[in-house]
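Chains as they are written, first to last, in this note's numbering: chain Z, 111 to 277; chain S, 3 to 260. One structure is given here, and the rest of the page talks about it.
This is the structure we're talking about:
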């Protein structure tokens with residue numbers, strides 16, 4: 111389907127939208143907390159994919175996770191009212207789990223939420239503040255009153271926990 | 003603990019785009035030469051994508067789909083940004099740039115030509131107007147000065163002809179035309195002299211003349227200083243020989259400005 115997209119197939123673009131628009135919209139909405147702004151990011155991300163499908167390297171990952179990361183980055187840029195800091199060409203996302211189908215995705219989301227549910231709250235909070243709000247570890251430390259090193263460790267450990275949950 | 007493990011926490015922050023300052027610079031320097039850390043970065047981004055999926059649930063409105071499909075339909079791939087520019091593409095771009103530059107130069111030259119044509123037309127029009135005015139002036143002077151011209155002076159009936167003088171003076175250009183009629187015949191070795199009487203100062207010589215057999219005479223553009231304000235013109239009878247720079251007798255006629 112990505113190959114068809116590269117060939118300029120509008121039908122392929124429609125199919126990809128139907129498959130991944132909820133992921134893109136959900137991430138944008140979680141970051142922006144505004145449906146109109148989330149729609150704008152949704153439009154922007156898919157138009158970017160249409161204009162430059164080569165930015166996604168199918169040999170090095172799946173489209174769904176890549177779109178999720180691209181969307182999150184763009185939404186954080188919008189919140190901070192800044193130009194995109196990372197070129198989408200430079201974003202390579204490696205996930206073993208296939209979330210192309212609705213069924214696979216639902217199963218993966220269930221595992222992820224389960225892992226987050228048993229994760230210590232400070233760890234989950236530090237990770238979510240960094241990812242969904244774009245706060246630096248220093249800003250998180252200032253907000254929570256905890257040492258910088260602790261915040262760093264929690265973020266990394268939280269991400270590795272999610273990885274293991276789908277292994 | 004290896005260097006990679008030490009950098010692991012910074013790598014996690016970097017994967018989320020929240021590592022700043024010197025730590026970020028140092029990590030990017032390390033990443034440039036470390037393949038295993040680059041691979042770990044890709045995995046950490048994958049982990050963050052899993053976190054993103056935890057937000058799944060909300061569905062975009064149907065209008066968002068229609069909006070995107072409309073935008074795509076209007077933006078055909080051929081009109082989109084090229085993905086990779088080949089050398090040929092660059093040459094093509096160069097060609098377009100050269101064409102654009104040539105068009106720009108042509109437009110400037112065309113505009114300059116248009117301006118020149120407009121200026122020439124204006125000058126031609128001005129020249130034609132000047133020639134017409136000159137021709138009119140020549141005709142006027144010819145009529146006034148030709149010996150063949152018959153001069154008629156209308157005066158009250160039964161009144162004897164009286165000497166008359168008419169001076170037309172343009173101060174700023176120093177132009178003067180003087181017309182005289184019914185001037186008395188001059189004694190031998192005498193000549194009439196016209197004087198410009200300025201507002202301040204001594205009379206200024208404004209030309210010598212002798213009337214014809216009918217008592218008519220003209221003085222056209224005698225040498226006069228520019229911009230001299232005249233309050234009157236006067237005529238005296240002067241010796242024919244001499245310098246004629248100052249009146250030697252009382253004026254026989256004085257005409258004041260109207």
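Backbone N, C-alpha and C define an ideal beta-carbon position, used for all residues, glycine too. Please read these numbers as outputs of a predicted model, since none were measured by experiment.
*Specify, as a first and last residue, the run of the beta strand (DSSP E) that residue 166/S falls within.*
By one-based count along the second chain, residue 166/S stands at place 164. 166-172 is the span of the beta strand (DSSP E), which, as asked, contains residue 166/S.
*Quick one: give me the first and last residue of the alpha helix (DSSP H) that residue 236/Z is part of.*
Against the first chain, residue 236/Z aligns to sequence position 126. Looking at the DSSP string, the run of the alpha helix (DSSP H) that includes residue 236/Z is 231-242.
*Which residue comes first and which comes last in the beta strand (DSSP E) that contains residue 255/S?*
Locating residue 255/S in the second chain gives position 253, counting from the first residue. Taken as a continuous stretch (DSSP letters only), the beta strand (DSSP E) holding residue 255/S covers 255-258.
_Span separating the alpha-carbon of residue 264/Z from that of residue 159/Z_ = For the purposes of this step, residue 264/Z is taken as the residue at position 154 of the first chain. For the purposes of this step, residue 159/Z is taken as the residue at position 49 of the first chain. Answer to the nearest angstrom: the Cα atoms are 33 Å apart.
_Backbone CA spacing between residue 82/S and residue 161/Z [nearest angstrom]_ = Taking the second chain and counting its residues from 1, one reaches residue 82/S at position 80. Taking the first chain and counting its residues from 1, one reaches residue 161/Z at position 51. Low confidence applies to residue 82/S: its pLDDT is 47, below 50, so where it sits in the model is not reliable enough to give any reading.
*Hey, residue 156/Z and residue 127/Z are a contact pair by Cβ (cut 8 Å); roughly how many whole angstroms apart?*
What you label residue 156/Z is simply residue 46 of the first chain in a count that begins at 1. What you label residue 127/Z is simply residue 17 of the first chain in a count that begins at 1. With a Cβ gap of about 6 Å, residue 156/Z and residue 127/Z count as contacting.
*With 9 Å as the C-beta to C-beta threshold (strictly closer), list the residues of the stretch 124-135 of chain S near chain Z in chain order.*
none
_Selection of the stretch 208-228 of chain Z by Cβ proximity to chain S, strictly under 9 Å_ = 209, 215, 216, 218, 219, 221, 222, 223, 225 and 226
_Assigned secondary structure, residue 20/S (DSSP; H/G/I helix, E/B strand, else coil)_ = The residue labelled residue 20/S in the question sits at position 18 within the second chain. Here residue 20/S sits in coil by DSSP.
*What does residue 197/S pair with, by DSSP beta-bridge criteria?*
Taking the first residue of the second chain as position 1, residue 197/S is located at position 195. 207/S and 236/S, per the DSSP bridge assignment.
*What separation, rounded to the nearest whole angstrom, lies between the Cα atoms of residue 194/S and residue 221/S?*
By one-based count along the second chain, residue 194/S stands at place 192. By one-based count along the second chain, residue 221/S stands at place 219. If you take the alpha carbons of residue 194/S and residue 221/S, they lie about 11 Å apart.
*Does residue 44/S get closer than 8 Å to chain Z when you measure Cβ to Cβ?*
Counted from its first residue, the second chain places residue 44/S at position 42. By this cut-off, residue 44/S is an interface position.
*Since residue 51/Z and residue 61/S are thought to touch, with beta carbons under 8 Å apart, how far apart are those beta carbons, to the nearest angstrom?*
Absent from the model: residue 51/Z. The displayed extent of chain Z is 111 to 277, so no value can be given.
*State buried or exposed for residue 72/S, treating a residue as buried only when at least 16 other CB atoms are found within 10 Å of its CB.*
The residue labelled residue 72/S in the question sits at position 70 within the second chain. Residue 72/S should be labelled exposed.
*What is the rounded straight-line gap between the Cα of residue 232/Z and the Cα of residue 218/Z?*
Here residue 232/Z refers to the residue found at position 122 when the first chain is read from its first residue. Here residue 218/Z refers to the residue found at position 108 when the first chain is read from its first residue. So the two alpha carbons sit approximately 23 Å from each other.
*Would residue 123/Z be called buried (16 or more neighbouring beta carbons within 10 Å of its own) or exposed?*
Locating residue 123/Z in the first chain gives position 13, counting from the first residue. By the neighbour-count rule (16 or more Cβ atoms within 10 Å), residue 123/Z is buried.
*Out of curiosity, what's the CA-to-CA distance linking residue 196/S and residue 140/S?*
Position 194 of the second chain holds residue 196/S. Position 138 of the second chain holds residue 140/S. Their Cα atoms are separated by approximately 23 Å.
*Run the CB neighbour count on residue 280/S, radius 10 Å, all protein chains shown included, and call it buried at 16 or more, exposed below.*
Nothing about residue 280/S can be reported from this structure: the residues present for chain S run from 3 to 260 only.
*asked:* One question on the structure: do residue 67/S and residue 132/Z come within less than 8 Å of each other, judged by their Cβ atoms?
replied: The residue you call residue 67/S lines up with position 65 of the second chain. The residue you call residue 132/Z lines up with position 22 of the first chain. It is not a contact, given that the beta carbons lie outside the stated cut-off.
*Please list, in chain order, all residues of the same chain as residue 10/S whose beta carbon is under 8 Å from its beta carbon, the five residues on each side excluded.*
In the second chain, counting from the first residue as 1, residue 10/S sits at position 8. So the qualifying residues of the chain are 42.
*Please list the residues of the stretch 16-48 of chain S that have a C-beta atom closer than 7 Å to any C-beta atom in chain Z, keeping them in chain order.*
18, 19, 20, 22, 44, 45, 46, 47 and 48
*C-beta neighbour in chain Z for residue 61/S, strict 8 Å*: Residue mapping note: residue 61/S aligns to position 59 of the second chain, counting from 1. At least one chain Z Cβ lies under 8 Å of residue 61/S.
*asked:* To test your reading of the DSSP string, which unbroken alpha helix (DSSP H) runs of 4 or more residues are found completely within the stretch 168-201 of chain Z?
replied: 173-189
*Which partner residues of residue 179/S appear in the DSSP bridge assignment?*
In the second chain, counting from the first residue as 1, residue 179/S sits at position 177. Beta-bridge pairing links residue 179/S to 170/S and 222/S.
_Under 8 Å, with one C-beta from each stretch per pair, do the stretch 11-23 of chain S and the stretch 33-50 of chain S reach the 3-pair mark?_
yes
*Roughly how many angstroms separate the alpha carbons of residue 126/S and residue 132/S, rounded to a whole number?*
Looking up residue 126/S in the second chain gives position 124. Looking up residue 132/S in the second chain gives position 130. Looking at the two C-alpha atoms, the distance is approximately 10 Å.
*Neighbour list for residue 64/S in chain Z, Cβ cutoff strictly below 7 Å*: Position 62 of the second chain, counted from the start, is the residue given in the question as residue 64/S. Under the 7 Å cutoff, chain Z gives no residues; its nearest Cβ is about 11 Å from residue 64/S.
*Output the distance between the C-alpha atoms of residue 150/Z and residue 250/Z, rounded to the nearest integer angstrom.*
Residue numbering aside, residue 150/Z sits at position 40 when the first chain is read from its first letter. Residue numbering aside, residue 250/Z sits at position 140 when the first chain is read from its first letter. In a straight line, the C-alpha of residue 150/Z is about 28 Å away from that of residue 250/Z.
*Which residues does DSSP pair with residue 241/S in a beta bridge?*
For the purposes of this step, residue 241/S is identified with residue 239 of the second chain, where counting begins at 1. 192/S, per the DSSP bridge assignment.
*Could you tell me whether the stretch 206-217 of chain S touches the stretch 253-260 of chain S, where touching means 3 or more Cβ pairs closer than 8 Å?*
no
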